[in-house]
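K.L.:
Here the sequence shown is numbered in the working numbering, starting from 10 and rising by one per residue. Positions of the beta carbon are idealized from the N, C-alpha and C atoms, including for glycine. None of these values were measured; they are calculated from a predicted model. Let me give you the structure first, and then I'll get to my questions.
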Amino acid sequence: MAVLSASGRRFETEVPVLIIGAGACGLCAALAAHGQGADVLVVERDPTPSGSTALSSGLIPAAGTKLQRRHGVEDTPAQLAEEILAKAKYQTDAAMVLTIAKASARTVDWIMDDLGVKLELLTSFLYPGHQRHRMHGPPNRTGAELEGGLLAAVERRGLDLVPGATAVDLYVEDDERVRGIAIQRPDGRREDIGCAALVLACSGFGGNADMVREYIPAIKEAMYFGHVGNKGDAVRWGLALGAAVADMASYQGHGAVAHPHGIPMWDTITVGGYQVNLRGERFSNEESGYSEQALEVLRQPDHVVWNIYDERGHAIGSESIEYRRGVELGAVRRAESVSDLARVTGLPSAALAATIAEVEAMAAGTKSDRFGRDFTLKPALKPPYYAVKVTGAVFHTQGGLVVDERARVRRRDGRPLPNLFAGGGAARGLSGPADWGYFSGSGLMMATNLGRLAGEAAAALAGRSGR
Ligand SMILES: Cc1cc2nc3c(=O)[nH]c(=O)nc-3n(C[C@H](O)[C@H](O)[C@H](O)COP(=O)(O)OP(=O)(O)OC[C@H]3O[C@@H](n4cnc5c(N)ncnc54)[C@H](O)[C@@H]3O)c2cc1C
Numbered sequence: 010m011a012v013l014s015a016s017g018r019r020f021e022t023e024v025p026v027l028i029i030g031a032g033a034c035g036l037c038a039a040l041a042a043h044g045q046g047a048d049v050l051v052v053e054r055d056p057t058p059s060g061s062t063a064l065s066s067g068l069i070p071a072a073g074t075k076l077q078r079r080h081g082v083e084d085t086p087a088q089l090a091e092e093i094l095a096k097a098k099y100q101t102d103a104a105m106v107l108t109i110a111k112a113s114a115r116t117v118d119w120i121m122d123d124l125g126v127k128l129e130l131l132t133s134f135l136y137p138g139h140q141r142h143r144m145h146g147p148p149n150r151t152g153a154e155l156e157g158g159l160l161a162a163v164e165r166r167g168l169d170l171v172p173g174a175t176a177v178d179l180y181v182e183d184d185e186r187v188r189g190i191a192i193q194r195p196d197g198r199r200e201d202i203g204c205a206a207l208v209l210a211c212s213g214f215g216g217n218a219d220m221v222r223e224y225i226p227a228i229k230e231a232m233y234f235g236h237v238g239n240k241g242d243a244v245r246w247g248l249a250l251g252a253a254v255a256d257m258a259s260y261q262g263h264g265a266v267a268h269p270h271g272i273p274m275w276d277t278i279t280v281g282g283y284q285v286n287l288r289g290e291r292f293s294n295e296e297s298g299y300s301e302q303a304l305e306v307l308r309q310p311d312h313v314v315w316n317i318y319d320e321r322g323h324a325i326g327s328e329s330i331e332y333r334r335g336v337e338l339g340a341v342r343r344a345e346s347v348s349d350l351a352r353v354t355g356l357p358s359a360a361l362a363a364t365i366a367e368v369e370a371m372a373a374g375t376k377s378d379r380f381g382r383d384f385t386l387k388p389a390l391k392p393p394y395y396a397v398k399v400t401g402a403v404f405h406t407q408g409g410l411v412v413d414e415r416a417r418v419r420r421r422d423g424r425p426l427p428n429l430f431a432g433g434g435a436a437r438g439l440s441g442p443a444d445w446g447y448f449s450g451s452g453l454m455m456a457t458n459l460g461r462l463a464g465e466a467a468a469a470l471a472g473r474s475g476r
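Rendered as structure tokens:
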């Protein structure tokens, strides 16, 4: 991974807009640039594009979409921006938050109407920090459907996507203009590709243990659940070019990954559910957010805890094909009573019964929670109970390249680099400096919105190709 001099270099293959990475960000960038009349080329290291996008639940928050209007949901970019800022304790870039919030409805409508990707509005529950129903997701709630839908749109338009091509070096002029890249094929062959504009859509550094150790030592032992091919290349090239990076210690964790099945199970506890450790005791305010819950869970005995919920959580979970897979695999246990719940989980029955009774008292308003959660907002759980054993994990890093409202990568002095763009996990997220700032859905929001904005701006810069 290096930044090399482009001086005197001739490129046999040249393309106006070149994009590294074929996750949601890269595909949105390609489709948006093409929509503006530019020829594009996407290079992707994997033989079959998937990225963290395909591992995700595919849920994209947006405010003011056609789907929201159809469901009578009143929402505005200002409302969305305020909620994102509040989650990040106002320690993030407010201008960027507003840019993304304002772009969000157009992006989701474009993905649905122009690109033909099927999305639905989730109306059954609210994610932590969200005050409106605004999560837009594929019918089975899988990122694989989203990735597949975007790839199908790329194919229908005949865009060039080269899989099995790892971008290894950038060629840069003395004036900091990127002239092209070198890719490496699986057999070691190198090829150079020239470009007028380059979009870095190769995500964060969760798949690079050295970078995680350097920037986020607190999670160096945690299981990484994102795409292993995300090695931090965008940040490394950016730093070599004098680009600004920010919030490098920030990440999205997840405090409810079914263990050992590896299936995210947060939704189950959004309707009155909670978590208990192997001693049968609660240990935190589960409603703070699923990202910061990762470390809370990893601090518990054996690094595992149980999600306890009832028929409501089970019904919400069942909207996701992944949850249904968890049921088939035996991850989800059902119990008819408290003693049965102790039996199916192996939790100490007296302690578990005491915890359940205590939560019932808190839901009735006769006791307050020492962790600060307000249980009166939802009815108490009632039998049959459900339980799933979960652990904490890291989903994706949130620190990255600082970009402006057109997704142009900024230098450390604030000025944009001439023709370099970045989005998704490659760019600084909206979460502020740590794990507690992640607003649910921020990941795909940064991938789809910045991807579209980067593609449009790169196409404008590169000029029409005469397609
Ligand atoms: C389990 C899980 C669940 C999640 N659920 C959600 C959710 O519901 N909503 C949400 O908003 N976010 C969610 N996220 C986060 C979300 O998936 C990411 O933020 C988002 O997918 C990032 O998109 P991206 O295009 O930037 O990166 P990716 O989708 O990871 O794509 C990056 C691509 O770049 C390729 N690449 C990397 N380096 C190179 C190189 N040098 N050359 C060529 N190619 C390269 C990679 O192979 C990869 O295909 C979840 C994440 C995980 C792990």
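Hey, is C204 close to ligand 1, as in C-beta under 7 Å from one of its heavy atoms?
P.N.:
No - ligand 1 has no heavy atom lying nearer than 7 Å to the Cβ of C204.
K.L.:
For Q284, which option in L107, E465, Y299 and G271 has the closest C-alpha, if you only look at C-alpha atoms?
P.N.:
Selected option, being the one with the closest Cα: Y299.
K.L.:
Does ligand 1 have even one heavy atom less than 7 Å from the beta-carbon of T175?
P.N.:
Yes, ligand 1 has a heavy atom inside 7 Å of this Cβ.
K.L.:
My understanding is that A443 touches A258, with C-beta atoms under 8 Å, so please give their C-beta distance in whole angstroms.
P.N.:
The pair is a contact, with the Cβ atoms about 6 Å apart (cut-off 8 Å).
K.L.:
Mapping DSSP to helix, strand and coil, what is C34?
P.N.:
Helix.
K.L.:
Is E53 near ligand 1, going by C-beta to nearest heavy atom under 7 Å?
P.N.:
E53 Cβ: within cutoff of ligand 1.
K.L.:
With a Cβ-Cβ cutoff of 8 Å, do A402 and V26 count as a contact?
P.N.:
Their beta carbons are not under 8 Å apart, which means A402 does not touch V26 by this criterion.
K.L.:
Regarding I29 and ligand 1, is the C-beta to nearest heavy atom distance less than 7 Å?
P.N.:
Checking every heavy atom of ligand 1 against the Cβ of I29, one is found closer than 7 Å.
K.L.:
Examine chain C for any beta-carbon lying closer than 8 Å to the beta-carbon of G203, and answer yes or no.
P.N.:
Looking at the structure shown, chain C is missing, and only one protein chain is on hand.
K.L.:
For V82, which option in V106, H139, Q45 and Y224 has the closest C-alpha, if you only look at C-alpha atoms?
P.N.:
Per the Cα distances, H139.
K.L.:
Going by CA-CA distance only, name the one from A11, A39 and H268 that's closest to A456.
P.N.:
It is A39 whose Cα lies nearest to the Cα of A456.
K.L.:
Please work out which residues of its chain come closer than 8 Å, Cβ to Cβ, to E414, disregarding the five sequence neighbours upstream and downstream, and give them in chain order.
P.N.:
A104, M105, T108 and L462.
K.L.:
Straight-line CA distance for A161 to E154?
P.N.:
Rounded to whole angstroms, A161 to E154 spans 10 Å at the Cα level.
K.L.:
Ligand 1 and M454: does any heavy atom of the ligand fall closer than 7 Å to the residue's C-beta?
P.N.:
The answer is yes for M454.
K.L.:
Starting from the C-beta of M220, find all residues in its chain whose C-beta is less than 6 Å away, skip the five residues before and the five after it, and write them out in chain order.
P.N.:
Within the same chain, M220 has close Cβ partners F214 and G241.
K.L.:
Thinking C-alpha only, which one of K398, E223, S346 and T375 is nearest I278?
P.N.:
For I278, the nearest C-alpha among the options comes from K398.
K.L.:
If you follow the alpha helix (DSSP H) that M371 is part of, which residue opens it and which one closes it?
P.N.:
Counting along the chain, the alpha helix (DSSP H) containing M371 begins and ends at S358 to A372.
K.L.:
Just to confirm the assignment, what range does the alpha helix (DSSP H) spanning Q100 have?
P.N.:
From DSSP, Q100 is part of no alpha helix (DSSP H); its letter is neither H nor E.
K.L.:
Identify the continuous alpha helix (DSSP H) that holds E301 and give its terminal residues.
P.N.:
Taken as a continuous stretch (DSSP letters only), the alpha helix (DSSP H) holding E301 covers Y299 to L307.
K.L.:
Going by DSSP, what residue range makes up the beta strand (DSSP E) through Y260?
P.N.:
Y260 to A267 is the extent of the beta strand (DSSP E) around Y260.
K.L.:
With the cut-off set at 8 Å, would you say Y395 and R342 are in Cβ contact?
P.N.:
Cβ atoms of Y395 and R342: closer than 8 Å.
K.L.:
How would you call P148, buried or exposed, if buried means at least 16 neighbouring beta carbons within 10 angstroms?
P.N.:
Exposed, because fewer than 16 other Cβ atoms sit within 10 Å of the Cβ of P148.
K.L.:
So what's F384 in DSSP terms, helix, strand or just coil?
P.N.:
The answer is helix: DSSP assigns F384 an H, G or I state.
K.L.:
Can you tell me whether DSSP reads N458 as helix, strand or coil?
P.N.:
Three-state DSSP puts N458 in a helix.
K.L.:
Count the other C-beta atoms from every protein chain shown that fall within 10 angstroms of the C-beta of G475, then say buried if there are 16 or more, exposed otherwise.
P.N.:
Low confidence applies here, because G475 scores a pLDDT of 40, under 50, leaving its location unreliable; read the following figure in that light. By the 10 Å Cβ count, G475 comes out exposed.
K.L.:
Taking 7 Å as the cut-off, is the CB of A416 close to at least one heavy atom of ligand 1?
P.N.:
No; taking the cut-off as 7 Å, the Cβ of A416 has no heavy atom of ligand 1 nearer than that.
K.L.:
At the level of alpha carbons, what is the spacing between L94 and G409?
P.N.:
Rounded to whole angstroms, L94 to G409 spans 18 Å at the Cα level.
K.L.:
Secondary structure at E83, three-state DSSP: helix, strand or coil?
P.N.:
DSSP places E83 in coil when its eight states are reduced to three.
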